[in-house]
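Here the protein sequences come in this chain order: L and S. So for the first sequence, full-length UniProt numbering puts the first residue at 1; every next one is plus one. So for the second sequence, full-length UniProt numbering puts the first residue at 1; every next one is plus one.
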Amino acid sequence: MTDNADLEALRSEVRSFLEAEKPHGWRDASRTQEDFVNTQRDWFAKLVKAGYAIPHWPKEYPGGGRSLAEQKVIYEELAKADCPRLLLSFVSTYHAFATLHECASEEQKAKYMPRILEGETWCQGFSEPGAGSDLAALKCKAVREVRDGKEVYVVNGQKVWSTMAQFADMCLLLVRTSSEGVKQAGITYLLMDMKTPGVSVSPIHQIQGDEEFAEIFFDNVEIPVEQRVGEEGEGWAVAQATLASERGLTLMELGYRMRGALGRVAELIRTHGHQEDRGILRDFGALVSEVDAVCAIADQFLDNRINGVERIGDASIVKNAYSRALRAYSKLGVRLGGMDEQYIAPITFGDLNTGNWMADFMNSYAWTIAGGSEEVQRNIIAERMLEMPREPKSWVL
Amino acid sequence: MIELNELTAAAQKAFPADNLSPARDASWELVAEMGWLMIRLPEDDGGLGLDREASTAIHYEMGRVLATTPLIPAQLGLQAVIESQTLADRADWLERLSAGEYAPLHMLPAKVDIAADGTVSGTIGGVFDGDMAVAVVAKLPIGYALIPTDADGVELVERPIWDLSRRMFDLVLTGYKPDPALMLSDADGATAMHDALGPEAHLALAADCLGGASAALDMTVEYMKMRKQFERPIAMFQALKHRAADMKTKIVVAEALLWSRARDEQATRTQIAGAKALASDVFQFVTEEMIQLHGGIGLTEEHPCHLFMKRAMLNLQLCGSLDSLNETVGREALAAMA
Chain L
1 MTDNADLEAL RSEVRSFLEA EKPHGWRDAS RTQEDFVNTQ RDWFAKLVKA GYAIPHWPKE
61 YPGGGRSLAE QKVIYEELAK ADCPRLLLSF VSTYHAFATL HECASEEQKA KYMPRILEGE
121 TWCQGFSEPG AGSDLAALKC KAVREVRDGK EVYVVNGQKV WSTMAQFADM CLLLVRTSSE
181 GVKQAGITYL LMDMKTPGVS VSPIHQIQGD EEFAEIFFDN VEIPVEQRVG EEGEGWAVAQ
241 ATLASERGLT LMELGYRMRG ALGRVAELIR THGHQEDRGI LRDFGALVSE VDAVCAIADQ
301 FLDNRINGVE RIGDASIVKN AYSRALRAYS KLGVRLGGMD EQYIAPITFG DLNTGNWMAD
361 FMNSYAWTIA GGSEEVQRNI IAERMLEMPR EPKSWVL
Chain S
1 MIELNELTAA AQKAFPADNL SPARDASWEL VAEMGWLMIR LPEDDGGLGL DREASTAIHY
61 EMGRVLATTP LIPAQLGLQA VIESQTLADR ADWLERLSAG EYAPLHMLPA KVDIAADGTV
121 SGTIGGVFDG DMAVAVVAKL PIGYALIPTD ADGVELVERP IWDLSRRMFD LVLTGYKPDP
181 ALMLSDADGA TAMHDALGPE AHLALAADCL GGASAALDMT VEYMKMRKQF ERPIAMFQAL
241 KHRAADMKTK IVVAEALLWS RARDEQATRT QIAGAKALAS DVFQFVTEEM IQLHGGIGLT
301 EEHPCHLFMK RAMLNLQLCG SLDSLNETVG REALAAMA
C-alpha cells in the first residue's frame with residue numbers, strides 16, 4: 001500500500017527529473033518517421049535509466065514494482081510536462097512483457113525481457129485482412145514440420161495493422177495450427193524474430209500521411225518450436241494476456257494530453273478573431289467540459305482498478321468517451337482553422353494533438369477503429385453491462 | 001458522519017424507483033423527516049452539516065424518481081439565509097426553514113424595476129411550488145431579499161408548464177416595498193451571494209438530470225429486453241443496442257465529471273456550471289432516445305417516457321440555459337488559456 005505522502009514524494013521526484021531531462025522541441029524533431037523513431041529511442045533509454053519506463057513490471061527489474069497508484073502519478077506527470085508518448089516501445093513494454101511474464105517459459109523470459117530494456121522493440125501480428133473485430137477468425141497458417149533436423153512451424157499468410165512493425169525486432173504472432181473444432185481452438189502463439197527469412201514488411205500509408213502501421217507477409221517462414229508460448233492450439237488464451245496488458249493508463253494519459261492541447265483551440269479562436277463569437281464560444285465551452293469529463297472518467301476508471309472494483313465494460317466506456325472527444329476536438333480545430341487547414345502542412349509523427357488539424361482529425365479515426373472498434377465496445381457495453389442478449393451466432397444467406 | 005452509501009440507501013428506501021413522481025405534500029413531509037431540508041445547514045445551526053457530495057447524492061436520487069417535492073429550491077433558499085450577513089432574524093428563519101417552512105430560491109431570472117420611491121415592480125421567474133411558499137428568496141437590483149408571499153403588492157401566479165412533475169409560479173410584484181429587515185444582502189453583497197449559490201444550484205440540477213437519465217436508461221433497457229419483434233427481443237438488434245450503449249456511456253461520463261466536481265473543493269464556479277451544462281445535455285439526449293426506443297408506447301400519456309423528457313427539457317432552462325452556460329465556460333477557458 002502506498003500512502004499519499006509517498007505518492008507526492010514520487011510526484012516531485014518525477015517532476016525534477018522532467019525539468020532537467022524532458023526533451024524540448026520533439027515535435028519539430030519528428031517531422032520524418034526516421035527522426036521520430038530516433039527521438040523515441042533516445043527518450044525511452046533516458047526513462048529506462050531514470051527508472052520510469054517500466055513501472056508496471058515486477059520489482060526485480062530496475063524501475064519496476066510500482067503500484068498502479070504510482071504508475072498513475074508517473075503518467076500524469078509525463079502528460080502534464082508534454083513529453084513524447086512512448087509509442088515505439090509500447091508493444092514491447094506492455095504486450096510483449098505481459099505475454100512473457102504471464103505465459104512464457106523461464107528460458108523465454110530470461111532471453112527477451114532484458115532485451116526489451118535495451119531497446120529491442122516488438123510488434124503484434126494479430127489482425128488479418130479477414131480477421132479484425134472477429135480476431136479468432138484468423139487464417140495465417142502454420143504447419144509443424146521437421147526441417148534440417150529441427151522441429152519448426154512453417155508459416156504462410158498475412159498480418160495487417162501491426163503497429164510500427166517496420167521498426168520491430170520481434171513479433172507476437174498468432175497463427176492457425178488447426179481448423180478443427182471452434183475457431184479459437186486451433187490458434188497457436190509464437191514469438192518471431194522479424195529478420196527470419198521469408199518475412200516481409202510493408203508500411204501502410206494512412207490518410208493523413210503517417211505510417212504508424214504495417215502489413216507483414218509470411219512466405220514459408222520457419223519458426224522454431226521452442227518459440228511457442230503455451231501449448232499448441234492454446235494461443236487464444238495467451239492472446240488474452242497480451243490484450244489485457246494495458247491497464248488504462250494510456251487513456252488517462254491521452255485525456256490529460258488533450259486537456260493540455262485545448263490551448264491550441266483557444267489559439268485558433270484568437271488568431272481568427274472569434275473571441276466574441278458566441279456560437280464558437282459555446283462550442284468551445286462544450287468541448288472543454290467534455291474533455292474534463294473524459295479526464296474524470298479515466299481517473300475514476302484507474303481509481304476503481306486500484307481499489308479492485310472495476311466492472312466489465314468500464315474500459316469500453318473510457319475508450320469510446322475519449323475517442324469521441326478526440327474527434328470533436330480535432331473537428332472543431334478544422335472548422336475554426338477554415339481554409340488554412342485545407343493546405344497541406346507538415347505532420348508530426350507520433351502525436352494526436354499536433355495542431356495540424358486535418359491530420360489530427362484524420363488520425364482520430366485510429367481511436368474509433370483500432371484496439372477494438374467503437375462498435376465492438378458498444379456491444380460490450382450493451383451485452384456485458386446492460387445485459388442485453390447477443391445476436392444469434394449463425395445466419396443463412 | 002453519515003456515509004454516502006447509507007444516505008443513498010435511505011433515499012432509495014424512502015423514494016423507491018417504482019413510484020415515479022410521488023405525491024408532493026407527503027414527499028415534502030418525508031423529506032423534512034429525513035432531515036434533508038437541513039442537509040447543508042452547519043451542525044452549529046442545528047443542521048446535518050453535510051458536504052456537497054452528500055447533497056448531490058440526495059438530488060441524484062430525487063431525480064431518479066422525478067421528485068415532485070421542491071427540495072432543490074428549498075435547499076438553495078436556506079443556503080441564502082445561511083450565507084446572509086444582513087438578515088435580522090437569521091436564527092429564527094433558520095429554525096423555521098429547517099422545521100419545514102418553505103422559502104425557495106427562484107430558478108429563472110427576475111425582471112423587475114425599482115421606482116423612485118424604492119418600491120419594486122416586475123416578475124420573479126421560476127418559483128417552484130409557490131402555493132406552499134411562505135416567502136421567496138429573490139435577487140433584486142438592491143440585493144437578495146426574502147419576500148413574504150402574503151405581503152402587500154405580492155402575488156403568486158401559477159404558470160402551467162409541460163413538465164408534469166413540478167409546479168412553477170411567477171412572483172409578481174406591483175409596487176412592493178422591500179422590508180429592510182428581510183434583506184439577505186445589499187447590492188454589493190449580491191455578487192458574493194450569487195457566486196455562493198450558483199455552484200450549489202448547478203450541482204443539484206446536474207445531479208437531478210443524471211439521476212433522471214439513469215432511471216430513463218434503466219426503463220429503456222428493461223423495455224428493450226421485453227419487447228419482441230421479428231421473433232426476438234429488440235435489445236438483440238445491434239442498431240438498437242448500440243444506442244443504449246451510447247446512452248450509458250454519456251451518462252457514466254457526465255456522472256464522473258459531476259462527482260469529481262462535487263468532491264473537489266477547489267472546483268471553480270465555471271467548472272461546476274460546465275458539469276450542469278453537460279448533465280442537462282445528456283439528460284435531454286437520453287430522454288429523446290428513450291421515447292424513440294420505446295416506439296409508439298413512448299408517445300402515449302399512459303407511459304412515463306414523456307415525464308422524463310419534459311423534466312429534461314425544463315432542466316435545460318433552469319439556472320442558466322445550455323447555451324449560456326457553455327458560452328461562459330468557453331469564455332473563461334479562452335481567457336485562462338491566453
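Every residue, glycine too, gets a C-beta built ideally from N, C-alpha and C. In this text, all values refer to a predicted model and were calculated from it rather than measured experimentally.
Would residue i and residue j qualify as a contact pair, given that the criterion is a beta-carbon distance under 8 angstroms?
{"i": "L210(S)", "j": "A277(S)", "result": "no"}
{"i": "L48(S)", "j": "I58(S)", "result": "no"}
{"i": "P84(L)", "j": "W122(L)", "result": "no"}
{"i": "Q85(S)", "j": "G189(S)", "result": "yes"}
{"i": "G320(S)", "j": "A273(S)", "result": "yes"}
{"i": "A50(L)", "j": "T39(L)", "result": "no"}
{"i": "L316(S)", "j": "Q284(S)", "result": "yes"}
{"i": "V221(L)", "j": "V288(L)", "result": "no"}
{"i": "T68(S)", "j": "R166(S)", "result": "yes"}
{"i": "L182(S)", "j": "L146(S)", "result": "yes"}
{"i": "P389(L)", "j": "M236(S)", "result": "yes"}
Just the chain L side, please: which residues come within less than 8 angstroms of residue i by C-beta, in chain order?
{"i": "A333(S)", "result": "L262, A266, F284, G285, V288"}
So, under 8 angstroms CB-CB, residue i and residue j are touching, yes? Tell me the CB distance rounded to an integer number of Å.
{"i": "S330(L)", "j": "D360(L)", "result": "4 angstroms"}
{"i": "S162(L)", "j": "A237(L)", "result": "Not really, about 21 angstroms apart at Cβ, beyond 8 angstroms."}
{"i": "V120(S)", "j": "L184(S)", "result": "Actually they are not in contact, since the Cβ atoms of V120(S) and L184(S) sit about 15 angstroms apart, beyond 8 angstroms."}
{"i": "A267(S)", "j": "T287(S)", "result": "About 27 angstroms separates the two Cβ atoms, so there is no contact after all."}
{"i": "D131(S)", "j": "L156(S)", "result": "7 angstroms"}
{"i": "H95(L)", "j": "Q124(L)", "result": "6 angstroms"}
{"i": "F44(L)", "j": "G157(L)", "result": "With 8 angstroms as the limit, F44(L) and G157(L) do not qualify as a contact, their Cβ atoms being about 31 angstroms apart."}
{"i": "L332(L)", "j": "D283(L)", "result": "6 angstroms"}
{"i": "D113(S)", "j": "G126(S)", "result": "Their Cβ separation, rounded to whole angstroms, is 19 angstroms, which puts D113(S) and G126(S) out of contact at 8 angstroms."}
Would you kindly report the start and end of the unbroken beta strand (DSSP E) that includes residue i?
{"i": "C123(L)", "result": "122 to 125"}
{"i": "G175(S)", "result": "168 to 176"}
{"i": "N220(L)", "result": "213 to 224"}
{"i": "M192(L)", "result": "187 to 193"}
{"i": "V120(S)", "result": "120 to 128"}
{"i": "V160(L)", "result": "150 to 163"}
{"i": "residue 411(L)", "result": "This structure leaves residue 411(L) out entirely; chain L is present only between 1 and 397."}
{"i": "A110(S)", "result": "110 to 114"}
{"i": "V154(S)", "result": "154 to 158"}
{"i": "Y144(S)", "result": "143 to 148"}
{"i": "L41(S)", "result": "From DSSP, L41(S) is part of no beta strand (DSSP E); its letter is neither H nor E."}
For the alpha helix (DSSP H) containing residue i, name the first residue and the last one.
{"i": "residue 459(L)", "result": "As shown, chain L starts at 1 and ends at 397. That puts residue 459(L) outside it, with no answer to give."}
{"i": "T8(S)", "result": "4 to 14"}
{"i": "I204(L)", "result": "Counting along the chain, I204(L) falls outside any alpha helix (DSSP H), and DSSP gives it neither H nor E."}
{"i": "A261(L)", "result": "249 to 271"}
{"i": "A91(S)", "result": "90 to 98"}
Applying a beta-carbon distance threshold of less than 7 angstroms, which residues of chain L neighbour residue i?
{"i": "P233(S)", "result": "P389"}
{"i": "D323(S)", "result": "R282"}
{"i": "I329(S)", "result": "The amino acid occupying residue 329(S) in the given sequence is Val; Ile does not appear at that position. Under the 7 angstroms cutoff, chain L gives G285, V288, S289."}
Can you pull the chain S neighbours of residue i, defined as C-beta to C-beta under 7 angstroms?
{"i": "residue 416(L)", "result": "Examination of residue 416(L) is not possible in this model, given that chain L is present from 1 through 397 alone."}
{"i": "E253(L)", "result": "Here the premise fails: no neighbours, minimum Cβ distance about 17 angstroms."}
{"i": "E310(L)", "result": "By Cβ distance, chain S contributes nothing, its closest Cβ being about 13 angstroms from E310(L), past 7 angstroms."}
{"i": "I297(L)", "result": "V252, V253, A256"}
{"i": "N320(L)", "result": "T249"}
Below 8 angstroms on C-beta distance, what does residue i contact in chain S?
{"i": "V294(L)", "result": "V253"}
At a CB-CB cut-off below 9 angstroms, which residues of chain L make contact with residue i?
{"i": "M224(S)", "result": "L386, M388"}
At 9 angstroms on the CB atoms, spell out the chain S contacts of residue i, in chain order.
{"i": "residue 409(L)", "result": "Outside the modelled stretch of chain L, which goes from 1 to 397, sits residue 409(L), for which no answer is possible."}
{"i": "E107(L)", "result": "Ordered by position in chain S, no residue passes the 9 angstroms Cβ test against E107(L), which lies about 44 angstroms from the chain."}
Is it the case that the segment 254 to 272 of chain L contacts the segment 318 to 328 of chain S, given that we only count it when at least three CB pairs across the two stretches are under 8 angstroms? no
Are the segment 167 to 179 of chain L and the segment 64 to 80 of chain L in contact at 8 angstroms, needing three or more beta carbon pairs? They do not touch, by the three-pair rule.
Closer than 8 angstroms is the cut-off here; do at least three beta carbon pairs connect the segment 284 to 296 of chain S with the segment 298 to 316 of chain L? no
Touching by the beta-carbon criterion (3+ pairs, under 8 angstroms), the segment 124 to 134 of chain L and the segment 46 to 63 of chain L: no
Is the segment 17 to 37 of chain S in contact with the segment 337 to 356 of chain L, if contact means three or more CB pairs nearer than 8 angstroms? no
Inspect the CB distances between the segment 365 to 381 of chain L and the segment 318 to 328 of chain L and report whether three or more fall short of 8 angstroms. A contact is defined here as three or more CB-CB pairs under 8 angstroms, and the segment 365 to 381 of chain L meets this definition with respect to the segment 318 to 328 of chain L.
Inter-stretch contact at 8 angstroms, needing at least 3 Cβ pairs: the segment 223 to 234 of chain L / the segment 377 to 391 of chain L: no
Is there contact between the segment 69 to 83 of chain S and the segment 229 to 249 of chain S, where contact requires at least three CB pairs shorter than 8 angstroms? no
Would you call the segment 193 to 210 of chain S in contact with the segment 54 to 70 of chain S, where contact means no fewer than 3 C-beta pairs closer than 8 angstroms? yes
For the segment 103 to 110 of chain S and the segment 134 to 154 of chain S, state whether three or more C-beta atom pairs, one from each stretch, are separated by less than 8 angstroms. yes
Whether or not the segment 269 to 287 of chain L and the segment 212 to 226 of chain L are in contact is what I'm after, with contact meaning three or more pairs of Cβ atoms, one per stretch, closer than 8 angstroms; do they touch? Output reads no: the segment 269 to 287 of chain L does not touch the segment 212 to 226 of chain L.
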